[in-house]
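One structure below.
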Amino acid sequence: MLRSLRQPLTDRRAERLLGTSAVAVVLIIVAMVVFIAIAAWPSFQHNGLAWFGSGGDVDKQLGDMIQATGADGRDAYQLRAWPLIYATALTTVLAVVIATISAVLAAIFIVELAPPRLRALVVPVVRLLAAVPSVIYGLIGILVLVPFVNDNLINEGQRESVAYVITPNGPGLLVAVLLLTLMITPIMIALIVDALSAVPRGWREGALALGVTRWRAIMSVSVRAIRPAIVAAAVLASARALGEAIMLSMVSGSKGFAPKPWDGILFLFEPLRPLAATIAEQSEGMQAPALKASVYAMALVLLLSSLMLSVGSSLIKRSLRLGTAR
Amino acid sequence: MSSAPTVAPSARPPAPGPRGRWERLRGELRLWRPLDLLGVAAAWAVGLLLIAVAGSLIVYMGVKGLQYINLDLLLSRPQTGSDQSQTGGILDPILGTLMIIFIATAIALPLAVGSAIWIVEYGRPRWLARVVESAIEVIAGAPSIVIAIFGLAIFQLPMMSWASFAAADGGGVFGRSFIAAGSVMSLIAVPSIFATTREALQSVPRHVREASYGLGKTRWATIRRVLLPTVRPDIATGTALGMGRIAGDTAIIVLLLGATLQLQSGSDIPGVGILQGTGSTLTSYVYNNSPTGEGNAPEKAYAAAFVLMLLIIGLNLLVSAIGRRRAGNDLPR
């Protein structure tokens, strides 16, 4: 029998062996979606579409779930997760918009404008920034930025005006968006720089020969040509920003509060807590069945959002590519 | 269309060559519209800001880390203590990080390389190949906290009680251990290894395979003896990238490793007991010692963060070194 093991595998056996590992990966993913959906179902069943709405203090609702003493009534599952969803959308959209603009400008700088010695300095720097784990950004945020914001940017009058609802003491929208942008920009820069360097030189030189200024040649030819890559980078970055749990739980204020833009400058300092950070923080109390279902429901929302993002990005990329005359 | 530019009537033409560079540049910029100048200024500003931020980050982490790190810290085990001087060192988190990297890579490598080979070399039925590629894209895009929650769901099933503590009286399965965290963490590394291996396999020219078949070797022998050695550097690159992501991931560790400072055995079986037990890694140590966790020991957090950064920089340098060595060794294609 040992000798038969040492003979070379026939092709069909090899194919089945390798195919098993491929199918195993698929099964793991399918199991992931199915498990999370099954565990999340009770929360949606009890709340219906109002799960996404607002009403009541979401922190209090989560706390009630932990303390519910077995009486599995309708009220035990109540959850209105709108503040969390709003916080997730707010931080993600703001961070991705700022990061896209910065990444395109930085990529133009790296590829077109930087003198060669500066470029040789910037490229390893960007690669290093992309590799820094998010927990280190969170550490810097909470030990450096948060005290700075607390001491210098919030004044007493503003603090008192909202003292009955929240206490803005540093962690909040500004620090969260700043750190999130810092985290996703290097990833986007790497992708956009690759795409920008792949634009054929002849295209830009043609534009320059027609008398266009250098900046306009870059913007109207190169940047326009890499629009699919910019979209892909933005989607990758937003998937990363959507799922960032640990860093945001450190610097975003940990309160299920929906920041109000009409509060003026105080809007930037109000605490919030995106979905992913909520999952990370509530993961200990998951013995209570109501809390378990709610946490899985949030995870399902995140999973489906990132799925929709990748599907949407491939659709946008396809339409952009069909639009350019290539 | 554009406004007529005003040229100073008495200007000499600027000197040719590098000496006249500034004058030529200034002359050209005077003709530009303000919006274009704003664009160039913005690009320069962002570029310099990037360098400044990265530089200050590195310098700050370096200074703070070197300030608090010493050999004693690296080699002693962490303990609970009310005072900073009693809380011990970071040996267990370092061991935890290394163990997680090892377990996760050991699981991810066969899965990812096997799938990549199957996709490139076989790949029938076609719909299955598309499904496999989409599945790996789903993992690549899924937030790590979602993968962690899924892992928790799986490992808290009664069927999986062998993987972690099981309460003696049949209470709920704890579900958190090195086995749990390592297996789930392997999903994080699979997309990078898969992508680099697949691209490398696809870029091996057809004539190499055809030569091997022409000499009478079976497909499997070709894969094993010809293709895999060729793409070994790319597999190594993907693995190093995956290891970097594993080392830096906190969400899965926080959810799936239990929050004990020291490595605790989960059962009495020697060796395997450590795998069934809980512990901490550098990332969860930093998280717990920052003001959000319980520890509130910023100095230890900085030291651990410094060690973590060194580890990740080391892995990145490994990736570049493999890339450079490969470029020198390649036969012309």
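If you read the sequences in order, they're chains A and B.
Take any residue in the first sequence, note its place counting from 1, add 185, and you have its number in the working numbering.
Take any residue in the second sequence, note its place counting from 1, add 980, and you have its number in the working numbering.
All C-beta atoms in this analysis are idealised placements derived from N, C-alpha and C, irrespective of residue type, glycine included.
All figures in this text were calculated on a predicted structure; none of them were measured in a lab.
- Ranked by Cα distance from B/Q1244, the first of B/L1297, B/A1191 and B/P1073 is B/P1073.
- Contacts with chain A at 8 Å (Cβ-Cβ) include B/I1129.
- Under a 10 Å Cβ-count criterion, B/N1268 is classified as buried, with 16 or more other Cβ atoms of the shown protein chains found around its own Cβ.
- For A/L457, the secondary structure class from DSSP, reduced to helix, strand or coil, is strand.
- Contacts with chain A at 8 Å (Cβ-Cβ) include B/Y1267.
- The C-beta of A/I450 has fewer than 16 other C-beta atoms within 10 Å across all chains shown, which makes the residue exposed.
- Membership of A/K245 in the alpha helix (DSSP H) is indicated by the continuous run V243 to Q252.
- If you check each beta-carbon in the region 1089-1103 of chain B against every beta-carbon of chain A, the ones closer than 7 Å belong to P1090, L1091, G1094, S1095, I1097, W1098, I1099 and Y1102.
- Segment contact: the region 400-410 of chain A against the region 374-388 of chain A, three or more CB-CB distances shorter than 8 Å; contact assigned.
- B/W1024 reaches chain A at F294 and L298, counting residues in chain order whose Cβ is nearer than 7 Å.
- B/T1258 is bridged by DSSP to B/Q1244.
- The beta-carbon of A/Y481 is placed less than 8 Å from the nearest beta-carbon of chain B.
- Each of A/V296, A/V486, A/A288 and A/A199 was checked against the Cα of A/A417, and the nearest Cα belongs to A/A288.
- In this structure the region 1003-1021 of chain B does not lie against the region 270-280 of chain A, because fewer than three pairs of beta carbons, one per stretch, are closer than 8 Å.
- Under the Cβ criterion (8 Å, minimum of three pairs), the region 1255-1263 of chain B does not count as touching the region 307-317 of chain A.
- A straight-line Cα-Cα distance of about 56 Å links A/A209 and A/A394.
- Where B/K1044 is concerned, the enclosing alpha helix (DSSP H) starts and stops at P1014 to Y1048.
- From the listed residues B/E1190, B/D1052 and B/V1164, the smallest Cα separation to B/L1235 is found for B/V1164.
- Looking at the backbone, the Cα of B/T1210 and that of B/W1200 are separated by about 15 Å.
- Residue burial annotation: A/F220 is buried, with at least 16 other C-beta atoms found within 10 angstroms of its C-beta.
- Using a CB distance below 8 Å, no part of the region 1071-1089 of chain B faces chain A.
- Taking the C-beta atoms as reference points, A/S434 is found nearer than 8 Å to A/A465.
- B/A1285 reaches chain A at V320, I321 and L324, counting residues in chain order whose Cβ is nearer than 8 Å.
- Along the region 1004-1028 of chain B, going in chain order, the ones with a CB nearer than 7 Å to a CB of chain A are W1012, D1016, G1019, V1020, A1022, A1023, W1024, V1026 and G1027.
- Restricting attention to alpha helix (DSSP H) runs no shorter than 4 residues, the region 1079-1133 of chain B encloses them at 1106-1121, ordered along the chain.
- Using a Cβ distance threshold of 8 Å, A/A422 and A/A284 count as a contacting pair.
- Pairing A/S439 with B/P1271, the inter-Cα distance amounts to about 12 Å.
- A/G438 is bridged by DSSP to A/L457.
- Identification of residues in the region 408-423 of chain A having a C-beta nearer than 9 Å to some C-beta of chain B yields V420 and L421, given in sequence order.
- By the Cβ rule, the region 482-494 of chain A does not count as touching the region 364-384 of chain A, because fewer than three pairs are nearer than 8 Å.
- Comparing alpha-carbon positions, the option among A/R503, A/E429, A/P459 and A/A475 lying closest to B/G1121 turns out to be A/E429.
- Taken through DSSP and simplified to helix, strand or coil, A/Q230 comes out as helix.
- Chain A places a beta carbon closer than 8 Å to that of B/G1121, counting this residue as a contact.
- Annotated three-state conformation of B/N1269 is helix, per DSSP.
- Taking 8 Å as the upper bound on Cβ-Cβ separation, chain A lies near residues L1167 and V1170 of the region 1156-1190 of chain B.
- As the crow flies, the alpha-carbon of B/I1081 is around 20 Å from that of B/A1301.
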